[in-house]
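Notes follow the structure.
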Amino acid sequence: MPVKDRVIMLADCQSFYASVEKASHPEHANKPIVVGADPSRKSGIVLAACPLAKSYGVSTAMRLGEALGKCPQLVVIRPRMQTYINVSLLITEIYKSFTPLVEPFSIDEQFLDVTGSVSLYGPPTDIANQMQNKVLLSTGVWTRIGCGPTKILAKTATDNFAKKQPDGIFTLDYENMETELWPLPISSMFMVASRMTVHFIRMGINTIGDLARMELHDFKRRMQQRMGKQSDIKAIYYWQTARGIDPSPVVAGAFGKPKSVTRGRALPWVLYQTLDDIEPLLLELVIEVCRTSRYHKYKGRKVTVSAGTTNGVKSSGFSRQTTLDSSTCLEHHILAAAQKLFMSHWDGNPLTHLAVDLSQLTDNSVYQLDLFEDLPRQHALAATKDRIKDRFGEAAILSAASLLKSGQARERAQKIGGHYK
C-alpha cells in the first residue's frame, strides 16, 4: 500500500501520571495536583502536573519548591510506578481492540496503524473518538490523538495540534502540511532541541517550511559548513522530517532483539570510596544483568565494566571490556570477569557511577558442558531463584552483601525506575 494511503495515529495520554492519580482520588478532582517527590523535600522534581496545576505555571521537571511557590494549594502525590505501568498496559489492550498494530512509543504514547480498521469502525476521526471515550471510561485518562499517513506526521500532529484542539484530535497529511506545519518555528519540529535550533537559525532556517522548501543537496551543504562533513545523515533525517517523509511501519510490540543487557547506577561518591563499599554494588549489578539475560533467554560472551570516579576536584573514569571463553548468563562467571576488569582499571578514587554490560548475546537454550563444573545444576539453581523472585518479588532472595550499608538491592526491590511502586 502506498504510504500516502496509510492511516497512522499517535495517541498520547494527557498528564498521564497526574490523570491516573486524579481518577484514583476523586476528592482531588477540582484541585491542582502534581506527581512528585516527598513534599518535605523541596529539591525534588515534578514528574507530572495536571492541567489545572499547569494553569498556575507549574510544569514537568520543575523543582517542587518552585512549584509550591507558584501554587501554594498544590496537592503533591508520590508516584506509584507499577500502577502507571498497569494502566498503560490496559490502554494498550483497548487500542488492540481496534487494531493489532499497536507500537508503544513511551509509557503514555503509542502508535497505531488503523488502515485496515476503517472499513469496520468508520473514518479515522470516528475511530479516534471511539478510542478516546473507551480509554476515558476505563481509566479516567483523556487522550489526544494525531492522525497522518506516516508516524512522523502523526507524532507531529499530536504534539503541535491535537493537544490544542477541544476534541483532542487533529489530522496532518500531505494536503494540509504546507499550510499547518510549515509556518511553525523550527524548534517545533520533532527531535530539534535548543542546541539544534540555534544551528538552524544561524543557517537562516527559522521555520519548518524554510527547511522543507530547500533542495536536499543545498541543505547538506549548509549542514557540512556548520557541523562538519559527517553531517549528511543528520541532514537527510531533518529534511525528511520537515517534509513528513517516514516509510517506517507500525510494528506490534516493537521490541527487537537487544544488542546488550546493561545495568548501572549514578552514585553519591561519599558512600562509595573503598573496595568494601563498591563490591556489594558490583555484585548486585551482575545479578541484575544475569537475571534480565535469562528472562529474555540470552547469554553473552563480552563483559564491559564502566565507572566514573572523582577526587573531589577532578573527575575521571574508564570503560573496559573482556571476552569470555564461552557465552554465559551465570553470575559467578560474569562477576569474576567484572571484578578483574574493575580492579585492573580503578584509580582508587570514590565512584560517581558504575555499570556492568553483557553483550554478544546468543540464545541460552543450548550451552556447552564443562568437565570441571556442573553447569546443568548451576542453570537449574539459577532458574529456581528466578522463579522465586518472579513469584515473591526481587527481595525474596538477596545476597548477604546486599545487607551491607552500600548495598541497594533491598531498597530498589521496592522501586521501578527509581520510584516506589
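In full-length UniProt numbering, the protein residues as written are 1 to 421. Yeah, the Cβ is synthetic: ideal placement off N, Cα and C, and Gly gets one too. These numbers were taken from a predicted model, which means no experiment stands behind them.
Where residue i falls, given that 16 or more other Cβ within 10 Å makes a residue buried
{"i": "residue 422", "result": "Given a span of 1 to 421 for the chain in the structure shown, any question on residue 422 remains unanswerable."}
{"i": "Phe219", "result": "buried"}
{"i": "Asn86", "result": "exposed"}
{"i": "Ser316", "result": "exposed"}
{"i": "Ser24", "result": "exposed"}
{"i": "Gly148", "result": "buried"}
{"i": "Gly204", "result": "exposed"}
{"i": "Met177", "result": "buried"}
{"i": "Asp370", "result": "exposed"}
{"i": "Tyr237", "result": "exposed"}
{"i": "His217", "result": "exposed"}
{"i": "Gly36", "result": "buried"}
{"i": "Lys164", "result": "exposed"}
{"i": "Gly228", "result": "exposed"}
{"i": "Met62", "result": "buried"}
{"i": "Pro79", "result": "buried"}
Selection from the options that minimises the alpha carbon distance to residue i
{"i": "Leu381", "options": "Asp357, Leu211, Cys290", "result": "Cys290"}
{"i": "Lys4", "options": "Gln224, Thr156, Asp246", "result": "Asp246"}
{"i": "Tyr84", "options": "Thr362, Ala18, Ala355", "result": "Ala18"}
{"i": "Leu330", "options": "Ser319, Gly312, His379", "result": "His379"}
{"i": "Arg294", "options": "Leu10, Asp12, Leu358", "result": "Leu358"}
{"i": "Phe16", "options": "Met62, Leu101, Asp108", "result": "Asp108"}
{"i": "Phe105", "options": "Ser88, Val114, Thr362, Ser97", "result": "Ser88"}
{"i": "Ala337", "options": "Asp325, Ala154, Val76", "result": "Asp325"}
{"i": "Leu285", "options": "Ser406, Leu369, Gln240, Arg6", "result": "Ser406"}
{"i": "Ala48", "options": "Gly57, Tyr56, Ile33, Ser55", "result": "Ile33"}
{"i": "Gly244", "options": "Phe392, Pro258, Ala53, Glu180", "result": "Glu180"}
{"i": "Gln273", "options": "Thr143, Asp167, Ile416, Gly312", "result": "Gly312"}
{"i": "Thr241", "options": "Asp210, Arg263, Met227", "result": "Asp210"}
{"i": "Lys259", "options": "Arg301, Val305, Leu371", "result": "Arg301"}
{"i": "Ala401", "options": "Leu281, Met214, Asp159", "result": "Leu281"}
{"i": "Lys340", "options": "Leu354, Thr322, Asp347, Thr292", "result": "Thr322"}
{"i": "Ala212", "options": "Tyr174, Thr158, Val198", "result": "Tyr174"}
{"i": "residue 432", "options": "Thr197, Asp386, Thr362", "result": "With the chain running from 1 to 421 in the structure shown, residue 432 is simply not present."}
{"i": "Glu215", "options": "Pro268, Trp239, Ser319, Val303", "result": "Trp239"}
{"i": "Pro72", "options": "Arg221, Lys31, Ile45", "result": "Lys31"}
{"i": "Asp167", "options": "Thr156, Gly393, Met131", "result": "Met131"}
Residue i in three-state terms, based on DSSP
{"i": "Lys405", "result": "coil"}
{"i": "Gln368", "result": "coil"}
{"i": "Thr156", "result": "helix"}
{"i": "Phe318", "result": "strand"}
{"i": "Tyr298", "result": "strand"}
{"i": "Arg243", "result": "coil"}
{"i": "Asp386", "result": "helix"}
{"i": "Glu394", "result": "helix"}
{"i": "Phe170", "result": "strand"}
{"i": "Ile205", "result": "coil"}
{"i": "Lys257", "result": "coil"}
{"i": "Leu184", "result": "coil"}
{"i": "Pro175", "result": "Correcting the residue identity first, residue 175 is Glu in this sequence and not Pro. The answer is coil: DSSP assigns Glu175 none of H, G, I, E or B."}
{"i": "Asp325", "result": "strand"}
{"i": "Glu373", "result": "strand"}
{"i": "Pro280", "result": "helix"}
{"i": "Val114", "result": "coil"}
{"i": "Gln165", "result": "coil"}
{"i": "Met223", "result": "helix"}
{"i": "Ser19", "result": "helix"}
{"i": "Ala400", "result": "helix"}
{"i": "Thr150", "result": "coil"}
{"i": "Ala29", "result": "coil"}
{"i": "Glu215", "result": "coil"}
{"i": "Tyr121", "result": "helix"}
{"i": "Phe190", "result": "coil"}
{"i": "Val289", "result": "helix"}
First and last residue of the uninterrupted alpha helix (DSSP H) at residue i
{"i": "Asp357", "result": "Taken as a continuous stretch (DSSP letters only), Asp357 belongs to no alpha helix (DSSP H), being part of the beta strand (DSSP E) at 351-359."}
{"i": "Val87", "result": "81-96"}
{"i": "Arg202", "result": "194-202"}
{"i": "Gly69", "result": "64-70"}
{"i": "Ala61", "result": "Segment: none, Ala61 is in no alpha helix (DSSP H) and carries neither H nor E."}
{"i": "Leu47", "result": "Segment 46-49 is the beta strand (DSSP E) holding Leu47; no alpha helix (DSSP H) there."}
{"i": "Ile77", "result": "That residue, Ile77, is in no alpha helix (DSSP H); its beta strand (DSSP E) goes 75-77."}
{"i": "Pro249", "result": "First-last for Pro249: undefined, no H or E at that position."}
{"i": "Leu136", "result": "124-139"}
Per DSSP, the bridge partner or partners of residue i
{"i": "Asp12", "result": "Glu109, Arg144"}
{"i": "Gly266", "result": "Reading off the sequence, residue 266 comes out as Ala, not Gly. Ala266 is bridged to His353."}
{"i": "Ile334", "result": "Note: Ile334 sits in no beta bridge, so no partner."}
{"i": "Asp363", "result": "Tyr298"}
{"i": "Val305", "result": "Arg320, Val356"}
{"i": "Thr310", "result": "Ser315"}
{"i": "Val102", "result": "Leu112"}
Cβ of residue i within 8 Å of any chain C Cβ
{"i": "Gly348", "result": "Judged by its chain identifiers, the structure shown contains no chain C, having just a single protein chain."}
Enclosing beta strand (DSSP E) for residue i [first to last residue]
{"i": "Gly36", "result": "33-36"}
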